[in-house]
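Colleague: Line order of the protein sequences matches chains D and F.
Anchor point for the first sequence: position 183 equals 183 in my numbering, and the numbering is continuous, going up by one each time.
Anchor point for the second sequence: position 237 equals 546 in my numbering, and the numbering is continuous, going up by one each time.
Ideal placement from N, C-alpha and C gives every residue a C-beta, glycine not left out.
2 protein chains.
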Amino acid sequence: MSKEDEITNWFASQSTADANIFPIGIGDDMAQVRGGDDGTVLITTDMLLDGAHFDLAQCSLEQAAYKAMAASLSDCAAMATVPVCAVCAVGLPEGFGEGKLKELHAGLVAVGRRYGCELIGGDMTKWRHTDGRLAINVTMLSKPSGYHPPVRRNGAKVGDCICVTGTLGGSIAGKHLDFTPRVDEALAITRDAKVNAMMDITDGLSTDLNRICKQSGVGAVVFSDRIPVSDVAVNQRGHGPPYGLDAALCDGEDFELLFTLSPQEFEKLPRLKTAPITKIGEITGGGCMGIKLSNGQVERLTPQGFDHL
Amino acid sequence: MSKEDEITNWFASQSTADANIFPIGIGDDMAQVRGGDDGTVLITTDMLLDGAHFDLAQCSLEQAAYKAMAASLSDCAAMATVPVCAVCAVGLPEGFGEGKLKELHAGLVAVGRRYGCELIGGDMTKWRHTDGRLAINVTMLSKPSGYHPPVRRNGAKVGDCICVTGTLGGSIAGKHLDFTPRVDEALAITRDAKVNAMMDITDGLSTDLNRICKQSGVGAVVFSDRIPVSDVAVNQRGHGPPYGLDAALCDGEDFELLFTLSPQEFEKLPRLKTAPITKIGEITGGGCMGIKLSNGQVERLTPQGFDHL
Chain D
1 MSKEDEITNW FASQSTADAN IFPIGIGDDM AQVRGGDDGT VLITTDMLLD
51 GAHFDLAQCS LEQAAYKAMA ASLSDCAAMA TVPVCAVCAV GLPEGFGEGK
101 LKELHAGLVA VGRRYGCELI GGDMTKWRHT DGRLAINVTM LSKPSGYHPP
151 VRRNGAKVGD CICVTGTLGG SIAGKHLDFT PRVDEALAIT RDAKVNAMMD
201 ITDGLSTDLN RICKQSGVGA VVFSDRIPVS DVAVNQRGHG PPYGLDAALC
251 DGEDFELLFT LSPQEFEKLP RLKTAPITKI GEITGGGCMG IKLSNGQVER
301 LTPQGFDHL
Chain F
310 MSKEDEITNW FASQSTADAN IFPIGIGDDM AQVRGGDDGT VLITTDMLLD
360 GAHFDLAQCS LEQAAYKAMA ASLSDCAAMA TVPVCAVCAV GLPEGFGEGK
410 LKELHAGLVA VGRRYGCELI GGDMTKWRHT DGRLAINVTM LSKPSGYHPP
460 VRRNGAKVGD CICVTGTLGG SIAGKHLDFT PRVDEALAIT RDAKVNAMMD
510 ITDGLSTDLN RICKQSGVGA VVFSDRIPVS DVAVNQRGHG PPYGLDAALC
560 DGEDFELLFT LSPQEFEKLP RLKTAPITKI GEITGGGCMG IKLSNGQVER
610 LTPQGFDHL
């Protein structure tokens, strides 16, 4: 038996996939998955690269695996959908043997299980050049919650409250490797309130809010003194007040929820134990974004977050 | 607008996805897909690496994209399922700009459309080190045909005929970049006959037949003079008769179908216009594989195909 088959068999032996939901699991040409009650699934794919999204000189394989799964789980959360399963393909550097593969696998499975998300397939392949580095690609399927339709980016309405979960900025100091994907929070929010638009903040608040505005054909104004700046960001960028605001607006990989809903629905929002929900602004007409400073002045807010290209 | 958003919008503008099947398409956190009539989808993921699966020093981006999509389509064929959609994530080398992204996109879309398979999402990211090379990850969803259940590897039965489509060996000379994924052939075969086990031959006949045997708990004997050796393989390895047989048994990336069915069902097989179907052997009891030579002797057949690890 080939090494590939041996390790695939081992992965299959670790699976606890429910045969009702996964009629075909690891080890065939494809895995089979039962979708939501409406017969649909949602899909997201993300590639994480050593040296770009994580750095194996400074973090463990388990941390890299955590981030790869958690980033996709955060996409499920961004739509307020229920994670179902994931497949993971890896491009391996030289000398990446069975022990490391099992470590990677353990990281993927551990975070997946926390959210009921089974690892049901994958692919392993090796770089042929000496400086080939680890690439991890996770593709995840989710299903509608059944009580709220998947929340898109394009539904924001003039007058909506703009809200975020948690705190923003300074993720690179550590949070980007151990953030909590807001799956439970998104499902709790949409259980109690009708949400018009939502996404997860991955490229910085200013860039991601701009995406909601552009796709919804609206504008936005945020209040500088309402933006929940993380302690890390406050301490990192203490050049003057408002401390850390730039970091909160521009830093990538917050993996918090950004969403809009009517003032009536805002009143229905649950109090989350795991993360505060903060109203940071309002959706306006027109296509521009502004930021209202504490002195009452409104300045233009431009997207200054991360551009992958 | 960021470059990433600009190109994503352009990709979205190229999409012709039917909103009934894809309620949410390119440009959100996830795409939404309607599954088969039974509420299931099948999923496969494959990572292709520059220098391993294709070589951009010797082939075009369009060829690399073709191979990436066709390899996943071949997985759909391997289960006799109907391709539905794909998402593609890429890890990009330095200097890989908009023009090249559009070339890659064109290659993916062209082959997808030939099989009714929409590109509905993706991810773009860049290597930070100078020798980072192109990684293409395609994840594809398919659905059951409705007239034959997805065909697994584990259903081969003693007495089954072992069949292959097309010819085998020597794919590296060119076929690996322009093979025909046997989607239509698999659907035609399973329309007319009940197939017990099937897969696509990616790592060499001897290795892949061994996988069917191991998963089905059976053995196999193949007849050396029945194996359809490709002309390329015959001409490449003309060291002595049987010419090219080793190549047909061991070379990777044939992307032909390998399947087993009862002698009664074998009689029902359609005559395909696009590829011959050849009976190459029989499923036997026990767990071993043998090859019957033209002098009548049976030798042990060991898996000697490609091991990705």
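With H, G and I counted as helix, E and B as strand and the rest as coil, what does DSSP make of D:Phe-266?
Modeller: helix
Colleague: Taking the alpha carbon of F:Pro-537 as the reference point, which residue from F:Gln-367, F:Ile-330, F:Ile-586 has its own alpha carbon closest?
Modeller: F:Ile-586
Colleague: From D:Ser-13 to F:Gln-372, what distance separates their C-alpha atoms?
Modeller: 37 Å
Colleague: Under 7 Å between C-beta atoms, does D:Ala-89 make it to chain F?
Modeller: So, interface residue.
Colleague: If the criterion is Cβ atoms closer than 7 Å, does the pair D:Ile-43 and F:Val-420 meet it?
Modeller: no
Colleague: Ignore the nearest five residues each way along the sequence and tell me which others in D:Val-82's own chain have a CB closer than 6 Å to its CB.
Modeller: Ser-142, Lys-143, Ser-145
Colleague: Who pairs with D:Ser-142 in a beta bridge, going by DSSP?
Modeller: BP columns for D:Ser-142 point to D:Leu-42, D:Pro-83.
Colleague: Have a look at the DSSP bridge pairing and note the partners of F:Cys-470.
Modeller: F:Leu-570, F:Glu-591
Colleague: Apart from the five residues just before and just after F:Cys-470, which ones in its own chain have a Cβ nearer than 7 Å to its Cβ?
Modeller: Thr-569, Leu-570, Pro-572, Phe-575, Lys-588, Glu-591
Colleague: Does D:Asp-75 have its Cβ less than 7 Å from a Cβ in chain F?
Modeller: Among the CB atoms of chain F, one or more fall inside 7 Å of the CB of D:Asp-75.
Colleague: From what residue to what residue does the alpha helix (DSSP H) around D:Gln-63 run?
Modeller: Where D:Gln-63 is concerned, the enclosing alpha helix (DSSP H) stretches over 61-78.
Colleague: Pull out every residue of the stretch 10-42 of chain D whose Cβ sits closer than 9 Å to any Cβ of chain F, in chain order.
Modeller: Cβ proximity to chain F below 9 Å picks out Pro-23, Ile-24, Gly-27, Asp-28, Asp-29, Met-30, Ala-31, Gln-32, Val-33, Arg-34, Gly-35, Gly-36, Asp-37, Asp-38, Gly-39, Thr-40, Val-41, Leu-42 from the stretch 10-42 of chain D.
Colleague: Quick one: which chain D residues come within Cβ less than 7 Å of F:Leu-283?
Modeller: Since the displayed chain F opens at 310 and closes at 618, residue 283 of chain F lies outside it and no answer follows.
Colleague: Exposed or buried, what is D:Val-41 when buried is set at 16 or more other beta-carbons lying within 10 Å of its beta-carbon?
Modeller: Counting Cβ neighbours within 10 Å, D:Val-41 comes out buried, since at least 16 surround it.
Colleague: Does DSSP put F:Val-257 in a helix, in a strand, or in coil?
Modeller: What the structure shows of chain F is the stretch from 310 to 618, and residue 257 of chain F is not part of that stretch, so it cannot be assessed.
Colleague: Could you tell me if D:Gly-116 is buried or exposed, where buried requires 16 or more neighbouring beta carbons within 10 angstroms of its beta carbon?
Modeller: exposed
Colleague: Look up D:Cys-213 in the DSSP assignment and say whether it is helix, strand or coil.
Modeller: helix
Colleague: Look at the Cβ atom of F:Asp-355, then the Cβ atom of F:Ser-383, and state whether they are nearer than 7 Å.
Modeller: no
Colleague: Are any of the Cβ atoms in chain D nearer than 7 Å to that of F:Ala-361?
Modeller: yes
Colleague: Output the distance between the C-alpha atoms of D:Thr-180 and F:Tyr-552, rounded to the nearest integer angstrom.
Modeller: 59 Å
Colleague: Under 7 Å between C-beta atoms, does D:Asn-196 make it to chain F?
Modeller: no
Colleague: Establish whether the CB of D:Arg-153 and some CB of chain F are separated by less than 7 Å.
Modeller: yes
Colleague: Since F:Gly-430 sits in a beta bridge, which residues does DSSP pair it with?
Modeller: F:Val-396
Colleague: How would you call F:Arg-491, buried or exposed, if buried means at least 16 neighbouring beta carbons within 10 angstroms?
Modeller: buried
Colleague: Please state the DSSP three-state secondary structure of F:Glu-608.
Modeller: Note: F:Glu-608 maps to strand in three-state DSSP.
Colleague: Closest to F:Glu-494 by CA distance: which of F:Lys-466, F:Ala-386, F:Thr-448 is it?
Modeller: Here the closest residue by C-alpha is F:Ala-386.
Colleague: Can you have a look at F:Lys-577 and say buried or exposed, based on whether 16 or more other CB atoms are within 10 angstroms of its CB?
Modeller: exposed
Colleague: Can you tell me which of F:Val-342, F:Ile-521, F:Leu-558, F:Leu-401 puts its alpha carbon nearest to the alpha carbon of F:Gly-513?
Modeller: F:Gly-513 has its Cα closest to that of F:Leu-558, out of F:Val-342, F:Ile-521, F:Leu-558, F:Leu-401.
Colleague: F:Thr-593 CB to nearest chain D CB: under 7 Å?
Modeller: no
Colleague: Taking the straight line between their C-alpha atoms, what separation do you get for D:Cys-213 and F:Ile-429?
Modeller: 22 Å
Colleague: Among the candidates D:Leu-48, D:Ala-31, D:Gly-287, whose CA atom is the shortest distance from the CA of D:Glu-118?
Modeller: It is D:Ala-31.
Colleague: Exposed or buried, which one is F:Asn-505 when buried takes at least 16 other CB atoms within 10 Å?
Modeller: F:Asn-505 comes out buried.
Colleague: Using a Cβ-Cβ distance under 7 Å, would F:Met-378 count as near chain D?
Modeller: no
Colleague: Roughly how many angstroms lie between the CA atoms of F:Arg-609 and F:Cys-597, to the nearest whole one?
Modeller: 8 Å
Colleague: Could you check whether the Cβ of D:Asn-295 sits closer than 7 Å to any Cβ belonging to chain B?
Modeller: Of the chains in the structure shown, none is chain B; the protein chains are D and F.
Colleague: For D:Ser-224, which option in D:Val-33, D:Leu-104, D:Ile-7, D:Gln-297 has the closest C-alpha, if you only look at C-alpha atoms?
Modeller: D:Gln-297
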